[in-house]
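A.B. asks:
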Amino acid sequence: MASRNLIGALLLSSCIVAPCLAAAQETVQVEEVVVTGQRASDRDSLLKKRDAISAVEVVSANDVGKLPDQNVAEAVRRLSGVSVATDKGEGRYLIIRGIEPNLANVTINNQTASAPEPESRNVKLDDIPSALIGSVTVIKSLTPDLDANAIAGQVDINTLTAFDRTKNIFSARVVRGTFEATDSKATEGDVSVGGKFGSERQFGLVLAGNYSKRPSVSDDVLTSSRQVVGGVDLPAELDMRSYSPAIRKRSGAVANFDWRPNDDIKLYARLMYSKFDDNETRDRFRFFFPGSAGSYTGLSADGGTITSTTARHLVRLRNEITDTTTLAFGGDFKLGKGVLTLQGTHALSEKKDPIRDEFDYRSTGALTGVFTGTAGLQQRLTAGASALSASTYNLRQYKQVSRHAEEDLNQVRADYKLPIEAWGEGSYLKFGAKYLDRNKFTDATGHVYTRGNGETLVGETSNTIPTVYKGRFSFGPTVDYGLAKAYFEANKGLFTDSATDRLVETLGSDFKVVEKITAGYGMASVTRGDLTVIPGVRVEHTEGKTSAIAVTPTSTINDTYNQFGSYGYTDWFPSVNLKYNFSHTLLARAAVTTALGRPNYADLAPTLAVSAADNEVTLGNPDLQPQKAVNFDASLEYYFPGEGGISLGFFHKRIENPIFTSTETRSGTFGGVALVNADVTQVTNGDKARVTGLEFNVQKPLTFLPSPLDGFGVNFNATLVNGKMDVPGRSEKIKLPNQSKRLASAQLYYEKYNFSARLAYTYRSAYLYELNTSDPTGAKDIYFDKVTTLSARVAYRINKVEIFAEGNNLNDATDYYYYQTRDRFAESETYGRSYRFGLSYTF
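Quick note: the sequence shown uses the numbering used here, first residue 37, plus one each step.
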């Protein structure tokens, strides 16, 4: 049904634009029409897409703020073939064409961005306020002058410079927000100022700043696993989590300086800073479903009564702070007939969790409860009186953890571009080199304090939450973190600091990776008539050293790095991009490119954790091979006379060495410990994967309609993707993680008489969220269900002042996860609707 609906939408969009296409004259040039708002944004983006030498999608600065986009990820998610991975309802990572986020290369002002995440190469795009960007380009087919570490594609974030505008720059915005789920308000403001100065206006300076404070409230229900009891498929527990308004603060600044002393030299300095500060208190009630049918009465697919079980009440206080600073210098120098471009960048990202503390109170005695529904998320859970009484729970554990991760990135590059008119107008030869030096480490400190029964929750509770998740599930008393912490400090002698748990928390995730990449390339652009061919080749040499700490029964808390590994490889990346202009308005593209995807840092680290008691081993893998891909792209693009365009694209990727986590039974000696039939978990390489897809995109202002209807416009894009990979132990190929089969985005807008309105719809189908190789049937695989969202914005402009109102998640969408089939619930989280109101001034 979803496929038929998507195809129907494609046909409907084609019907809308078909009359325009038929009436178009091929010899008509796209007009230079000066407009503002949505039309200006679309026109600017389409011009950049049309003029690009490869397949790209562009979001311009004019488009930022036209919908309630909190960050860069949300500003880009409506592009063709792009979806986002979210956190608490906000976009965080980009998923391009269904390929996992760590296989997308992110650059800031043409230089590789640093990644603050402790374990992966993912660049958190929710750290970067959308108000600070000038444009974002998603590059889908690579050329040799781009980094090869981009199987999914490249995301190029550019900040605004004074020479991007003909006039001086001044804009300011203030926003106030409200949320359905809380009385707390959101506040946001940003300002940008800049322009050219000097006797010959040879200097340019842009300064921009942003600050936002946003409460994040959600109810989350999940289960750690599934079980079959008395012939009924049940969750192992209902783990209910209520987030008191978590406060998310974002701040950022940009300072861009340019100096153009003459026509032959252009110099610049770029500074970008962003900070993300997330403070969160999480109340948690874990109500367990017994594994024995004897602990139920009336058990059926419709529900039942639990006669004997256990439960736990917990509270976690967490503070997560991410800081990223990027400083770049560079310039263009006319050298002979060509241009030499030199760039150097230092980037430092830090992620700190100074507080990640959790108190755990566990029940005594047999608890009861009544639940209804077993297909999907339970319809209701009513816990018995004892389960909702603070006196039932005793303080048994206090976990105290702090973490610090840092990535120090230094890079330099040189590019030389030489025009060669003998090859055709606009033809050139280009070659260059790049060196990147990355130092990454993560360090944690942890304690796990335990004690027996004795202190009940009565003394450390100050609030009760009757129900969560829209009244469907009982919750009961909450743990007051301040009171619990005061009790612990006053009675620390009653607790035991678990030596084994302390080793795991302190040493188990510590590692260091030093990676150096040296690259060179050569390419040409040859234009013959209407055909442009861009052949070339890139070579990259990667070498790295890794360090970690083994955690075994003989380890001590003072151990330093004692596990070491190294890796090194050289790869060649040939490619060819073709572009053919049938006319000024119709063109075709085709490309064959190659790329790779380097493993995540934590997977490369030679970590070793041995638990003789559980007969389990977890290993890192410094010998992991990078994923490698051959990519095929083809598209047909038509640009309407005046404004708008329509395109259809095809892509196919052949990926070798896909990476996944494997658990198998082995016997041997691990870290000096002999084990028999141990469960050994390690990240490893698979055989191959395939991804094939179609992309459709149309953007059209409906200016052919009579006034006042000529203010309407439509944007629509859809992507169909099919991808599979081989996994050892599975009899059939499985879907790639993060890959939705269907993506769609639609926008209907109106702009006229200083009034503008915009309604946006986004859709993505379900995708594999977590692969569990321990079960060959796939029953433990977790999928993230389909999501549809609606957003809207209305605004009215009075001279240079705009008054606006925005609504996000207007359809009250929830995040739902399931095990293999939709009726086997894994997690569901709800956020509610949000609204923002504000003023902006643009000079």
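By construction, the Cβ of each residue, glycine as well, lies at the ideal position given by its N, Cα and C atoms.
1) Could you give the DSSP three-state label for V159: helix, strand or coil?
2) Identify, in the order they occur along the chain, each residue of the same chain with its Cβ nearer than 6 Å to the Cβ of S385, setting aside the five sequence neighbours on each side.
3) Taking the alpha carbon of L795 as the point to measure from, which residue in A76, R114, F509 and Y854 has its own alpha carbon closest?
4) Kindly confirm or deny that the stretch 639-646 and the stretch 577-588 touch, where touching means at least three C-beta pairs closer than 8 Å.
5) By a C-beta neighbour count over all protein chains shown, 10 Å radius and 16 as the cutoff for buried, is I834 buried or exposed?
6) Leaving out five residues on either side along the sequence, give the residues of the same chain with a beta carbon under 7 Å from the beta carbon of E461.
7) For my contact list, I164 and I193 are in at a C-beta cut-off of 8 Å; report their separation, rounded to the angstrom.
8) Could you tell me how far apart the beta carbons of A627 and S90 are, in whole angstroms, since I believe they sit closer than 8 Å?
9) In whole angstroms, what is the alpha-carbon distance linking G189 and P662?
10) Which one of T173, P635 and N774 has the shortest CA to CA distance from N693?
11) With a floor of 3 residues, list each beta strand (DSSP E) that falls wholly inside the stretch 453-525, ordered by position along the chain.
12) Please report the straight-line C-alpha distance between L493 and Q379, rounded to a whole angstrom.
13) Closest by CA to V734, which one among L672, S698 and T701?
14) Can you give, in chain order, each stretch of the beta strand (DSSP E) that sits fully within the stretch 833-862 and has at least 3 residues?
15) Do you know offhand how far N713's Cα is from H349's?
16) Note the first and the last residue of the continuous beta strand (DSSP E) segment covering A7.
17) What residues are listed by DSSP as bridge partners for G189?
18) Across which residues does DSSP place N808 in a beta bridge pair?
19) Is it the case that the Cβ atoms of R284 and R250 are separated by a distance below 8 Å?
20) For A347, count neighbouring Cβ atoms within 10 angstroms of its own Cβ and tell me buried if that reaches 16, exposed if not.
21) Since A109 and L161 should fall inside the 8 Å C-beta cutoff, what is the C-beta to C-beta distance between them, to a whole number of angstroms?
22) What residues in its chain sit with their C-beta under 8 Å from that of D566, if we drop five residues either side in the sequence?
23) Let me make sure I understand the geometry here. Which of W459, A291, G288 and E316 has the alpha-carbon closest to that of S280?
24) Counting only runs that start and end within the stretch 763-836, where is the alpha helix (DSSP H) found for 4 or more residues in a row?
25) Taking the straight line between their C-alpha atoms, what separation do you get for G234 and Y832?
26) Could you tell me which uninterrupted beta strand (DSSP E) segments, each at least 3 residues in length, are contained entirely in the stretch 330-382, listed from first to last along the chain?
27) For the stretch 556-610, list the beta strand (DSSP E) runs that are entirely contained and at least 3 residues long, ordered along the chain.
28) Whose C-beta lies closer than 6 Å to the C-beta of H688 among residues of the same chain, with five residues either side of it excluded?
29) For the beta strand (DSSP E) containing V750, name the first residue and the last one.
30) Taking a contact to mean a Cβ-Cβ separation below 8 Å, would you say F706 touches R212 in this structure?
31) Hey, is the stretch 465-472 in contact with the stretch 438-453, meaning 3+ C-beta pairs nearer than 8 Å?
32) Give the DSSP-derived three-state secondary structure of Y429 in the structure shown.
33) Let me confirm a value: F840 is counted as buried when at least 16 other C-beta atoms fall within 10 Å, else exposed. Which label applies?
34) If we count the other Cβ atoms within 10 Å of its Cβ and call it buried at 16 or more, is E457 buried or exposed?
35) What is the rounded straight-line gap between the Cα of T408 and the Cα of A272?
36) Does DSSP put D87 in a helix, in a strand, or in coil?
C.D. replies: Checking against the coordinates, here is how it stands:
1) Working through the sequence shown from its first residue, we reach residue 159 at position 123. In the structure shown, V159 sits in coil (DSSP, three-state: anything other than H, G, I, E or B).
2) Your numbering for residue 385 matches position 349 in the sequence shown. Hits under 6 Å: S150, P152, T360 and E443.
3) Along the sequence shown, one-based indexing puts residue 795 at 759. With distances taken between Cα atoms, L795 lies closest to R114.
4) Enough Cβ pairs lie closer than 8 Å, so yes.
5) Position 798 of the sequence shown, counting from 1, holds the residue named residue 834. The residue is exposed, with fewer than 16 neighbouring Cβ atoms inside 10 Å.
6) Reading the sequence shown from its first residue, position 425 is the one you call residue 461. Around E461: T563.
7) The sequence position of residue 164 within the sequence shown is 128, counting from 1. The sequence position of residue 193 within the sequence shown is 157, counting from 1. Their Cβ separation, rounded to whole angstroms, is 7 Å, which keeps I164 and I193 in contact under 8 Å.
8) For this step, residue 627 is matched to residue 591 along the sequence shown. For this step, residue 90 is matched to residue 54 along the sequence shown. The Cβ separation is near 6 Å, so the contact holds.
9) Here residue 189 refers to the residue found at position 153 when the sequence shown is read from its first residue. Here residue 662 refers to the residue found at position 626 when the sequence shown is read from its first residue. The straight-line gap from Cα to Cα measures roughly 16 Å.
10) Numbered from 1 along the sequence shown, position 657 holds the residue referred to as residue 693. N693 has its Cα closest to that of P635, out of T173, P635 and N774.
11) 464-486, 499-504 and 509-514
12) In the sequence shown, counting from the first residue as 1, residue 493 sits at position 457. In the sequence shown, counting from the first residue as 1, residue 379 sits at position 343. So the two alpha carbons sit approximately 59 Å from each other.
13) Counting from 1 along the sequence shown, the entry for residue 734 is found at position 698. When only C-alpha atoms are compared, the closest one is L672.
14) 837-844 and 850-855
15) Along the sequence shown, one-based indexing puts residue 713 at 677. Along the sequence shown, one-based indexing puts residue 349 at 313. Each residue's Cα considered, the two are about 36 Å apart.
16) A query on residue 7 cannot be resolved here, the shown segment of the chain reaching from 37 to 879 and no further.
17) Position 153 of the sequence shown, counting from 1, holds the residue named residue 189. G189 pairs with A140.
18) In the sequence shown, counting from the first residue as 1, residue 808 sits at position 772. DSSP, once it has assigned bridges, lists no residue as partnering N808.
19) Numbered from 1 along the sequence shown, position 248 holds the residue referred to as residue 284. Numbered from 1 along the sequence shown, position 214 holds the residue referred to as residue 250. Judged by their CB atoms, R284 and R250 are nearer to each other than the 8 Å cut-off.
20) By 1-based counting over the sequence shown, the position of residue 347 is 311. Flag for A347 reads buried.
21) Mapped onto the sequence shown, residue 109 falls at position 73. Mapped onto the sequence shown, residue 161 falls at position 125. Contact holds; Cβ gap of about 4 Å.
22) Residue numbering aside, residue 566 sits at position 530 when the sequence shown is read from its first letter. Taken in chain order, the residues that qualify are Y616, N617 and F618.
23) Numbered from its first residue, the sequence shown carries residue 280 at position 244. For the residues W459, A291, G288 and E316, the minimum Cα distance to S280 belongs to E316.
24) none
25) Here residue 234 is taken as the residue at index 198 of the sequence shown, counted from 1. Here residue 832 is taken as the residue at index 796 of the sequence shown, counted from 1. If you take the alpha carbons of G234 and Y832, they lie about 37 Å apart.
26) 332-336, 339-345 and 347-371
27) 567-584
28) Taking the first residue of the sequence shown as 1, we reach residue 688 at position 652. Closer than 6 Å at Cβ, skipping near neighbours: F668 and T728.
29) Numbered from its first residue, the sequence shown carries residue 750 at position 714. Here the beta strand (DSSP E) through V750 covers F748 to M761.
30) Within the sequence shown, residue 706 is the residue found at index 670, counting from 1. Within the sequence shown, residue 212 is the residue found at index 176, counting from 1. No, the Cβ-Cβ distance between F706 and R212 is not below 8 Å.
31) Enough Cβ pairs lie closer than 8 Å, so yes.
32) Working through the sequence shown from its first residue, we reach residue 429 at position 393. The three-state secondary structure of Y429, taken from DSSP, is strand.
33) As a working mapping, residue 840 is identified with position 804 in the sequence shown. F840 should be labelled buried.
34) Counting from one through the sequence shown, the residue named residue 457 turns up at place 421. E457 should be labelled exposed.
35) For the purposes of this step, residue 408 is taken as the residue at position 372 of the sequence shown. For the purposes of this step, residue 272 is taken as the residue at position 236 of the sequence shown. If I take the Cα positions, the gap works out to 15 Å.
36) The residue given as residue 87 occupies position 51 in the sequence shown. Three-state result, D87: helix.
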